[in-house]
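**Student:**
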Amino acid sequence: MTLNHNREQLKRKKIELKNTGDEYKKYTKDLENKEKEVKNLENELKKLNYKDGYVEELKEQRCKLRNEILTLEEEIDHFESKYPQIRFEYQKPDSNFNHNSVKGVVCKLITVKDKNAAYALDIAAGGKLYNIVVDTEMTSKKKYFNMVNYKNV
């Protein structure tokens, strides 16, 4: 009886061994496929020149630049509140008005590097620095500029 029992157990174990061997081959093949896929993805990643943490660096840089922009906008607002004559805002006089035809206030359009030259320009030009620059005479005659007392267009 023990012999028969052992033979039956041997048959079952051989079947289990065969099934386990087949599963092993299947899993080995799957592993090889996954390793190839990982290598392909790594090669594609190298082609992209991606560095670890690059996205985080860009986000941090964007945050710093936004803070810098906010600081500069505050400085501009402070300066414009000190000198309100350089602030120029307008609305479209009509629906087909081109915003690019209005260039802005003269003092915002020029850059002077030397402080002495800037002072001399301020003395010589005086109030003319606060005139509005537009592209054509027709633009300067638009109704809105006259209504808001911008006679220096």
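Residue numbering for the sequence shown follows full-length UniProt numbering, starting at 1 and increasing by one per position.
Just so you know, even glycine gets a beta-carbon here, dropped at the ideal spot from N, CA and C.
#1: What residues are listed by DSSP as bridge partners for Val-102?
#2: For Lys-151, which residues from the same chain have a beta carbon less than 6 Å from its beta carbon, with the 5 sequence-adjacent residues on both sides left out?
#3: Taking the alpha-carbon positions, what's the Asn-149 to Thr-136 distance?
#4: Determine the closest residue to Gly-104 out of Lys-36, Ala-120, Glu-89, with distance taken between C-alpha atoms.
#5: Please name the residue in Glu-32, Asn-33, Ile-132, Val-106 whose C-alpha comes closest to that of Asp-122.
#6: Once DSSP output is grouped into helix, strand and coil, what is the label at Asn-96?
#7: Relative to the ligand FAD, is the shortest distance from any of its heavy atoms to the C-beta of Ala-124 smaller than 7 Å?
**Tutor:** Result, derived from the coordinates:
#1: Beta-bridge pairing by DSSP links Val-102 to Val-134.
#2: Reliability of the predicted coordinates at Lys-151 is poor, the pLDDT of 49 falling under 50, and no value is obtained from them.
#3: With a pLDDT of only 48 at Asn-149, under 50, the local geometry of the prediction cannot be trusted, and no value is derived from it.
#4: Residue Glu-89 is the option with its Cα nearest to Gly-104.
#5: Selected option, being the one with the closest Cα: Val-106.
#6: Note: Asn-96 maps to coil in three-state DSSP.
#7: With respect to the ligand FAD, the structure offers nothing, as it holds no ligand at all.
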